[in-house]
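Numbering (our numbering), first residue to last: 15 to 433. Note that the Cβ used here is the ideal one computed from N, Cα and C, for glycine as well. Every value quoted in this text rests on a predicted model; they were computed, and no experiment measured them. Step one of this worksheet: look at the structure below.
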Amino acid sequence: MNKQIIAFLFSFLFLGGIFNYNANAQKSKVSKTAVITGQQDREYWSNLLYKMASPVILNLANSTLKKNMPIEKNSDYGLNAEKVTYLEAVGRTMAGVAPWLALPDDNTKEGKMRKELRTALLKGIANGVDPSNPDYLNFRTENQPIVDAAYMAQAFLRAPKALWEPLDSVTKKRVAEEFKALRTRTGAYNNWLLFAGINEAFLMSIGEQADPVRLQYAQKKITEWYVGDGWYSDGPSFSLDYYNSYVIHPMLVDFYKVLATKDKVKEEDYALALKRMIRYSEFTERFISPEGTYPAFGRSSTYRTAAFQALGQVALMEKLPEYIKPAQVRCAISAVMHRMYDQCNNFDSNGWLVLGFCGSQPLIADVYTSTGSLYMATLGFLPLGLPADNQFWTDPASDWTSKKAWSSQPFKKDYHVEY
Numbered sequence: 015m016n017k018q019i020i021a022f023l024f025s026f027l028f029l030g031g032i033f034n035y036n037a038n039a040q041k042s043k044v045s046k047t048a049v050i051t052g053q054q055d056r057e058y059w060s061n062l063l064y065k066m067a068s069p070v071i072l073n074l075a076n077s078t079l080k081k082n083m084p085i086e087k088n089s090d091y092g093l094n095a096e097k098v099t100y101l102e103a104v105g106r107t108m109a110g111v112a113p114w115l116a117l118p119d120d121n122t123k124e125g126k127m128r129k130e131l132r133t134a135l136l137k138g139i140a141n142g143v144d145p146s147n148p149d150y151l152n153f154r155t156e157n158q159p160i161v162d163a164a165y166m167a168q169a170f171l172r173a174p175k176a177l178w179e180p181l182d183s184v185t186k187k188r189v190a191e192e193f194k195a196l197r198t199r200t201g202a203y204n205n206w207l208l209f210a211g212i213n214e215a216f217l218m219s220i221g222e223q224a225d226p227v228r229l230q231y232a233q234k235k236i237t238e239w240y241v242g243d244g245w246y247s248d249g250p251s252f253s254l255d256y257y258n259s260y261v262i263h264p265m266l267v268d269f270y271k272v273l274a275t276k277d278k279v280k281e282e283d284y285a286l287a288l289k290r291m292i293r294y295s296e297f298t299e300r301f302i303s304p305e306g307t308y309p310a311f312g313r314s315s316t317y318r319t320a321a322f323q324a325l326g327q328v329a330l331m332e333k334l335p336e337y338i339k340p341a342q343v344r345c346a347i348s349a350v351m352h353r354m355y356d357q358c359n360n361f362d363s364n365g366w367l368v369l370g371f372c373g374s375q376p377l378i379a380d381v382y383t384s385t386g387s388l389y390m391a392t393l394g395f396l397p398l399g400l401p402a403d404n405q406f407w408t409d410p411a412s413d414w415t416s417k418k419a420w421s422s423q424p425f426k427k428d429y430h431v432e433y
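What follows is the structure, given as C-alpha cells:
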C-alpha cells in the first residue's frame, strides 16, 4: 500500500471520526480523576500494573495459575485454549513488567510491590518450566507458544539482571530447552517471523547456539516490509491496526540490539530500526485525543493499552523527539489509563482481565483471543522502568499534541520522513 492511500485512510479515520466524540461529557468525567503531579501519576500507574499483573504472577508462583485463571473466549475462538492461554498470560505479563521489576529495591509502597512481584515471578518461571509442576507451561505443542515465548524472551532481554541471572542453573537449562523445542513448528508469514527470530536471539544472548535461518529470515523480511514514514506492513499486505506497536517496532528494536551486540548486524541497522520506531511513536502520541480516548480500529483491540508500547519504549529509552516532552507522554498515557480503567470495568470479581476494549465486550474478541491474550495490556506500562526521579515523572504536567491542537495552542506540524 502506498503512502497516499495510507494518508487518505488516516485522514478519514481521524478527521472524520476520532474527535467527533461527546467531548464535553467525557471531559467532565475525566476531570474528576485527573492527577496533577508526576508522583501521583506514577502511584496510579504502579498500582494499576500491580492489579493487572499480580493474579498471573502470584498464581504462577503458587502453582495455581491453571487452577484459578478463567478461560474466557468468543464463540468463534479457533485455538486449543487450555494448551496456549496460560503461556500467553505469563509471557505477555513478563514483557510488560520487566522494566519496572528491574529497578532496585526500596522501602516505598511501590518498591515493596516490585519486590513481591519479582520474587514471585522468579519462583513462577521455575514452576513454569518444571514438567512435574501443575503449572508447567506448554512450549511443546501448538503454534501459538512461538508468540508467547517471544514475549518471555523479550522480558529476559529487557531485565536480564532481575529476571534471568537470578534463576538457578536447572531452571535456566530448562528454559533454554523449552525455547529450542519451538523449532519444530512455524507460524504465519507476517510478524510471526519476528517472534521466531527473537526467540533465537534470546538463546544467542545466553550463550546457546541460535538458528541462523530464523535470525536471517526475520531480519530480511521485516526490513522488506517497511512501507515508509515509520510504518511496517504486517506481512506482504498492509493492515491498518496497532501491530506496529503491539509487536513490530519494540520487538524489532530489541531483536536488532542483540544482533548488533553479537556483531550479526551493523550498528547503523539497529540505529535505523530505532529511528523508525521513534517516528512511529510520534503518530501514537497524536492518536490520543484531548479526552484520553484513541480509535479502536484494527485487529486485537482487546489488547487495550498495548497500543502504546512503542511510545512507552521510546520514552523508556529516553529517545523521544525534541518536541515531545516526557511529561506530555506521561500525561497523555495517564489520560488513556484513567479513561479506560477508571470508567470501564475491565476486571472480573477476582481481578482477571475480561474480553473487551472498554469493559466486557466479548463480541470484539478475535478468533485467537482468550483470557491469557489480554495481558498484552501490560506492555503499555514500560515507562515505569524509569526511576521516580527521572524527568518523565518529575516534570510538571504538560498537554500532549492533540490537546494543544484542539485548544488553539501552537503545536508542531507533521510531515512524512524518508528514512
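Those residues which DSSP pairs with residue i across a bridge
{"i": "residue 303", "result": "Answer is none; residue 303 lacks a bridge partner."}
{"i": "residue 246", "result": "240"}
{"i": "residue 384", "result": "87"}
Pick from the options that is closest to residue i, judged by C-alpha positions
{"i": "residue 313", "options": "278, 387, 356", "result": "387"}
{"i": "residue 82", "options": "419, 88, 69", "result": "69"}
{"i": "residue 197", "options": "295, 209, 141", "result": "209"}
{"i": "residue 79", "options": "323, 383, 382, 138", "result": "138"}
{"i": "residue 168", "options": "201, 212, 384, 131", "result": "212"}
{"i": "residue 242", "options": "52, 266, 431, 390", "result": "431"}
{"i": "residue 107", "options": "162, 152, 403", "result": "162"}
{"i": "residue 142", "options": "164, 105, 110, 50", "result": "105"}
{"i": "residue 60", "options": "371, 93, 92, 125", "result": "125"}
{"i": "residue 206", "options": "231, 177, 354", "result": "231"}
{"i": "residue 265", "options": "280, 325, 316, 308", "result": "325"}
{"i": "residue 338", "options": "203, 101, 427", "result": "427"}
{"i": "residue 136", "options": "259, 183, 423, 327", "result": "183"}
{"i": "residue 55", "options": "97, 233, 343, 77", "result": "343"}
{"i": "residue 429", "options": "413, 422, 296", "result": "296"}
{"i": "residue 446", "options": "157, 53, 52", "result": "Nothing can be reported for residue 446, as the shown portion of the chain is limited to 15 through 433."}
{"i": "residue 278", "options": "316, 261, 218", "result": "218"}
{"i": "residue 316", "options": "262, 327, 257", "result": "257"}
{"i": "residue 389", "options": "361, 148, 280, 286", "result": "361"}
{"i": "residue 144", "options": "178, 281, 186, 160", "result": "186"}
{"i": "residue 92", "options": "134, 419, 381, 110", "result": "381"}
Within 8 Å, strictly: CB atoms of residue i and residue j
{"i": "residue 340", "j": "residue 329", "result": "yes"}
{"i": "residue 174", "j": "residue 396", "result": "no"}
{"i": "residue 383", "j": "residue 88", "result": "yes"}
{"i": "residue 391", "j": "residue 318", "result": "yes"}
{"i": "residue 153", "j": "residue 216", "result": "no"}
{"i": "residue 254", "j": "residue 267", "result": "no"}
{"i": "residue 415", "j": "residue 336", "result": "no"}
{"i": "residue 199", "j": "residue 214", "result": "no"}
{"i": "residue 116", "j": "residue 373", "result": "no"}
{"i": "residue 71", "j": "residue 151", "result": "no"}
{"i": "residue 50", "j": "residue 411", "result": "yes"}
{"i": "residue 164", "j": "residue 259", "result": "no"}
{"i": "residue 64", "j": "residue 127", "result": "yes"}
{"i": "residue 160", "j": "residue 201", "result": "yes"}
{"i": "residue 323", "j": "residue 221", "result": "no"}
For residue i, three-class secondary structure by DSSP
{"i": "residue 367", "result": "strand"}
{"i": "residue 170", "result": "helix"}
{"i": "residue 361", "result": "strand"}
{"i": "residue 105", "result": "helix"}
{"i": "residue 208", "result": "helix"}
{"i": "residue 284", "result": "helix"}
{"i": "residue 68", "result": "helix"}
{"i": "residue 291", "result": "helix"}
{"i": "residue 224", "result": "coil"}
{"i": "residue 193", "result": "helix"}
{"i": "residue 308", "result": "coil"}
{"i": "residue 46", "result": "Model confidence at residue 46 stands at a pLDDT of 47, short of 50, so the residue's coordinates are unreliable; what they give is reported in the following sentence. Of the three classes helix, strand and coil, the one that applies to residue 46 here is helix, per DSSP."}
{"i": "residue 326", "result": "helix"}
{"i": "residue 178", "result": "helix"}
{"i": "residue 352", "result": "helix"}
{"i": "residue 419", "result": "helix"}
{"i": "residue 41", "result": "In this prediction, residue 41 has a pLDDT of 42, which is less than 50 and means its spatial position is unreliable; what the coordinates show is noted afterwards. Helix at residue 41."}
{"i": "residue 276", "result": "coil"}
{"i": "residue 36", "result": "The predicted model places residue 36 with a pLDDT of 42, which falls under 50 and marks its position as unreliable, so this point remains unresolved."}
{"i": "residue 427", "result": "coil"}
{"i": "residue 112", "result": "helix"}
{"i": "residue 123", "result": "helix"}
{"i": "residue 258", "result": "helix"}
{"i": "residue 317", "result": "helix"}
{"i": "residue 372", "result": "coil"}
Quiz item: Are at least three pairs of beta-carbons, each pair with one atom in the segment 269-278 and one in the segment 242-253, less than 8 Å apart?
Solution: Counting Cβ pairs under 8 Å, fewer than three are found: no touch.
Exercise. Examine the Cβ distances between the segment 358-369 and the segment 293-304 and report whether three or more of them are shorter than 8 Å.
Key: Contact check between the segment 358-369 and the segment 293-304: fewer than three CB pairs, one atom from each, fall below 8 Å, which does not count as touching.
Quiz item: Touch check for the segment 232-241 and the segment 184-194: three-plus C-beta pairs under 8 Å?
Solution: No: the two stretches stay apart, fewer than three of their Cβ pairs being nearer than 8 Å.
Practice problem: Flag this pair as touching only if the segment 405-418 and the segment 114-125 have three or more C-beta atom pairs under 8 Å; answer yes or no. | Solution: Taking one beta carbon from each stretch, the segment 405-418 and the segment 114-125 have fewer than 3 pairs nearer than 8 Å; the two do not touch.
Quiz prompt | Cβ pair count under 8 Å reaching 3, the segment 280-293 against the segment 322-336 | solution = Yes, they touch.
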